[in-house]
Structures are given as C-alpha cells and as structure tokens.
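The listed protein sequences correspond, in order, to chains A and B.
Position one of the first sequence corresponds to residue 195 (the working numbering), numbered consecutively onward.
Position one of the second sequence corresponds to residue 185 (the working numbering), numbered consecutively onward.
For each residue, glycine too, the CB sits at the ideal point set by N, CA and C.
Comments concern the structure below.
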Amino acid sequence: NAGVTQTPKFQVLKTGQSMTLQCAQDMNHNSMYWYRQDPGMGLRLIYYSASEGTTDKGEVPNGYNVSRLNKREFSLRLESAAPSQTSVYFCASWAMEDTGELFFGEGSRLTVL
Amino acid sequence: DAKTTQPTSMDCAEGRAANLPCNHSTISGNEYVYWYRQIHSQGPQYIIHGLKNNETNEMASLIITEDRKSSTLILPHATLRDTAVYYCIVRSYNQGGKLIFGQGTELSVKP
Numbered sequence: 195n196a197g198v199t200q201t202p203k204f205q206v207l208k209t210g211q212s213m214t215l216q217c218a219q220d221m222n223h224n225s226m227y228w229y230r231q232d233p234g235m236g237l238r239l240i241y242y243s244a245s246e247g248t249t250d251k252g253e254v255p256n257g258y259n260v261s262r263l264n265k266r267e268f269s270l271r272l273e274s275a276a277p278s279q280t281s282v283y284f285c286a287s288w289a290m291e292d293t294g295e296l297f298f299g300e301g302s303r304l305t306v307l
Numbered sequence: 185d186a187k188t189t190q191p192t193s194m195d196c197a198e199g200r201a202a203n204l205p206c207n208h209s210t211i212s213g214n215e216y217v218y219w220y221r222q223i224h225s226q227g228p229q230y231i232i233h234g235l236k237n238n239e240t241n242e243m244a245s246l247i248i249t250e251d252r253k254s255s256t257l258i259l260p261h262a263t264l265r266d267t268a269v270y271y272c273i274v275r276s277y278n279q280g281g282k283l284i285f286g287q288g289t290e291l292s293v294k295p
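Written out as structure tokens, the structure reads:
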C-alpha cells in the first residue's frame with residue numbers, strides 16, 4: 195500500500211498564480227485533512243473532510259479551497275497565491291473505525307515569490 | 185476538541201528516560217489522548233494513544249492521570265534519533281472532526 199500520496203512534492207509559484215495540491219489515500223479512510231507548517235512552527239489545520247461529500251474549515255482556511263472528490267482524494271486549491279502561503283503542506287487521513295492512527299503524506303513544499 | 189498545553193522545549197541525556205508532559209484540562213469523557221512526533225520536516229509519526237489506562241508499546245509508554253486532565257509520554261531509553269518535536273492531541277475516537285496539533289515540545293537528546 196502506498197498510504198497517503200501527495201503531489202507535487204515541490205512547487206514554486208509567482209504571486210497571483212493558482213495551483214492545486216493533490217492528495218490520495220488507498221486505505222479506505224473516511225476522514226482527510228490538510229495542514230500547513232511554517233518554519234519553526236507547529237501544524238495548523240487548513241481544512242478537513244470528515245467523510246466523502248463533506249468539508250469544513252480548520253484554523254487557517256482563508257486563501258484556500260478544498261474538494262473531496264471521492265473517498266480517496268482530497269485536493270487543496272490556492273486560487274491566487276500569496277507569499278504568506280509559502281509553507282510545507284501535509285495531507286493526512288484517518289480511519290475512525292481503526293486504532294485512530296493518523297497517516298501523513300510526505301509533504302509538499304510550496305514557495306510563492 | 186480540547187486544547188492541549190505542552191512545554192516548548194526539553195533536553196534529555198542519551199540513554200535516560202525522557203518524560204514529556206501534556207495538560208488537557210478540558211478533555212471530555214469520550215476523548216482519547218494521542219501522541220505523535222515529527223522528525224525534521226517529515227510527516228508526523230504516530231506513537232501511542234490511550235483513554236484512561238496507562239498504555240505501553242514498543243516505542244513508548246503513556247501515563248494518564250486519574251482525572252485525565254494531564255498525561256506524560258515516556259521514552260524509556262532516549263537515543264539521538266528520538267530528537268524531534270512531540271505533539272500531544274486529544275480527540276474523540278469515532279468522530280471525524282477537527283484535529284488541532286498545537287506547537288508541540290521540541291525534545292533534544294544530547295550525548
């Protein structure tokens with residue numbers, strides 16, 4: 195099993211450009227999450243999806259949109275990138291019926307110039 | 185989900201036990217305590233979780249106070265590879281709601 199897969203792993207954008215971060219999990223998990231982590235900081239929740247067809251705002255949702263395309267995929271979109279969105283983005287998934295372990299992707303490093 | 189409070193940083197000598205505290209005074213009855221750690225810029229790694237009773241696995245032990253308002257993660261024989269940021273979080277077991285990590289504790293294991 196691949197677990198949680200994020201693409202791309204690295205991306206450089208100019209201010210105002212748009213892009214979508216893709217996340218897919220092959221563990222049949224219900225809940226999926228997007229976090230950002232700035233240098234020297236902890237993880238901050240951007241958006242989450244408790245189940246297929248639902249999405250909710252986290253701690254820092256401004257400037258982002260999400261789509262829970264199906265049970266496997268949860269994408270994060272930046273419509274007009276800003277330098278303040280330079281960060282490492284982590285996707286995670288969780289099976290409520292299981293031990294409760296949260297599985298993370300390897301992260302996507304985004305730089306906005 | 186309840187918020188947690190952890191010290192910003194801690195040091196530990198290699199080979200000694202590392203005891204990482206966490207306060208979660210507003211935890212509710214159906215919320216579990218989870219511990220994760222993050223090494224460098226990798227994705228966080230699950231360590232252990234518990235509800236009321238103390239738990240132990242191959243990585244660590246989790247001690248939860250009787251009132252459940254605080255807990256301690258114990259790494260019995262810390263190694264240099266245990267240097268990482270450790271996060272304590274609380275959440276309901278079967279609800280896919282918010283999962284807030286907080287700042288965590290930066291543990292430095294020194295030779």
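Run of the beta strand (DSSP E) containing residue i, from where it starts to where it stops
i	result
Y271 (chain B)	268-276
P205 (chain B)	202-207
Q231 (chain A)	225-231
Q200 (chain A)	198-201
A218 (chain A)	213-219
S245 (chain A)	Segment: none, S245 (chain A) is in no beta strand (DSSP E) and carries neither H nor E.
L272 (chain A)	268-272
Residue-chain proximity (residue i, chain B), Cβ-Cβ < 8 Å
i	result
G210 (chain A)	no
Y258 (chain A)	no
E246 (chain A)	no
Distance CB(residue i)-CB(residue j) smaller than 8 Å
i	j	result
T210 (chain B)	K187 (chain B)	yes
P202 (chain A)	S302 (chain A)	yes
G247 (chain A)	M221 (chain A)	no
Below-8 Å beta-carbon distance, residue i vs any chain A residue
i	result
Y270 (chain B)	no
I211 (chain B)	no
K282 (chain B)	yes
S193 (chain B)	no
S305 (chain B)	The requested residue 305 (chain B) does not occur in the structure, where chain B is confined to residues 185 to 295.
Local conformation of residue i per DSSP, three classes
i	result
S278 (chain A)	helix
R252 (chain B)	coil
L304 (chain A)	strand
R265 (chain B)	helix
N226 (chain B)	Per the sequence presented here, residue 226 (chain B) reads as Gln, with Asn not at that position. Correct three-state label for Q226 (chain B): coil.
K208 (chain A)	coil
G252 (chain A)	coil
I232 (chain B)	strand
Residue i - partner residues in DSSP beta bridges
i	result
F285 (chain B)	Beta-bridge pairing links F285 (chain B) to no other residue.
Y258 (chain A)	None, per the DSSP bridge assignment.
S193 (chain B)	B:E290
A286 (chain A)	A:Y227, A:F298
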